[in-house]
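Numbering (the numbering used here), first residue to last: 3 to 100.
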């Protein structure tokens, strides 16, 4: 069975992005990008839990389920409903991993 991978965004205070990147690498997790205000990485639940537990420079970690463009809330809602899986339910992708 193949492990499900997700894209994550670690939110940091401005100026802490490089510190967070170094912490992530020290945990054995390879960042995919360092941007103003945070760090991006991909991985499974193990990487998410490890980062959440041990990163000291992070304020939170966001899970990215997809990209949508919308001009208003009704349009946003309609596009969110089209995301794959049950992202919007309590039994969404992270809940079904095992």
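Just so you know, even glycine gets a beta-carbon here, dropped at the ideal spot from N, CA and C.
Small disclaimer: the values here were computed from a predicted structure and weren't measured.
* Which residue's Cα is closest to the Cα of residue 61: 9, 27, 16? -> The count along the chain shown starts at 1 and reaches residue 61 at position 59. The alpha carbon of residue 61 has as its nearest neighbour, out of 9, 27, 16, the alpha carbon of 16.
* **Whole-angstrom distance between residue 70 and residue 64, CA atom to CA atom** => Your numbering for residue 64 matches position 62 in the chain shown. Your numbering for residue 70 matches position 68 in the chain shown. Cα to Cα, the separation comes out at about 16 Å.
* Do you know whose CA, among 10, 83, 50, lies nearest residue 35's CA? -> To locate residue 35, count along the chain shown from 1; it is residue 33. The shortest C-alpha separation from residue 35 is found at 10.
* Terminal residues of the continuous alpha helix (DSSP H) containing residue 57? -> Taking the first residue of the chain shown as 1, we reach residue 57 at position 55. Looking at the DSSP string, residue 57 is not in any alpha helix (DSSP H), and its letter there is neither H nor E.
* To do: Return the Cβ separation of residue 14 and residue 45 in integer angstroms, given the expectation that the two are a contact with Cβ distance under 8 Å.
  => By one-based count along the chain shown, residue 14 stands at place 12. By one-based count along the chain shown, residue 45 stands at place 43. Wrong, their Cβ atoms sit about 18 Å apart, outside the cutoff.
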